[in-house]
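With our numbering as the guide, the letters of the sequence shown map in order to residues 1 to 172.
This report concerns only the one structure given below.
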Amino acid sequence: MTLKTERLILRELTENDFGSLFEILSDRETMQFYPNPFNEEKVADWIRWNQENYRIFGFGLWAVVLQENNRLIGDCGITMQQIGRRIKPEIGYHIHKEYWRRGYACEAARACRNWLFENTPFQMVFSYMNHTNTASCATAAANGMRLLEEFSDEVNTITKVYGITREEWEKI
């Protein structure tokens, strides 16, 4: 599976992506909303988990690659996540901090949102994040998602949940 946007290519992660992905997921600033940055074992597990998601669901987090130089700058895609008490399709992303504030997360997330509605029967897609993660909140809103709920949890203290329905997406 490969998706192309104006500036990006989204493709399945492979073991060859380990070094670039480790640079991103092991960075304390990039992973500030996770309990800890990832170590080598966690990054290898992350790649394997996504490869398993591709086999089971036909989607997962995909490598985000710049078209201009073929550099992997992050991951973005759809995973099945427990949000509150239900399992829901969620768009998530991590972008190398060197490339923040250039619209790459929004561009990649938009491509994933479109792919989901064009290729699955899901009637709604979500993004959830720590309530203090204003950049992710802005990315979700920029892709037509609206704030649906906030709830307390042990991981984020307060989690914000954004979502967009198929009907809302069709009107964009």
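Ideal Cβ positions, reconstructed from N, Cα and C, are used throughout, including at glycine.
- Taking the Cα positions, T2 is about 32 Å away from E149.
- Here the C-alpha atom of T134 lies approximately 14 Å from the C-alpha atom of Y93.
- Your pair A111 and L10 checks out as a contact, with CB atoms roughly 6 Å apart and the cut at 8 Å.
- Counting along the chain, the unbroken beta strand (DSSP E) around Y93 starts and ends at R86 to I95.
- With 16 or more other Cβ atoms inside 10 Å of its own Cβ, I78 counts as buried.
- Non-local C-beta neighbours of A105 in its own chain, meaning closer than 6 Å and more than five positions away in sequence, comprise Y93, I95 and T139, ordered along the chain.
- In the structure shown, R55 falls within a helical segment according to DSSP collapsed to helix, strand and coil.
- Distance from the Cα of C76 is smallest, within the candidate group Q82, V65, N70 and R86, for V65.
- Membership of F18 in the alpha helix (DSSP H) is indicated by the continuous run F18 to L25.
- Comparing alpha carbon positions, the residue from E107, L8 and M124 closest to N70 is L8.
- Between R48 and P37 the beta-carbon gap is near 18 Å, outside 8 Å, which marks them as no contact.
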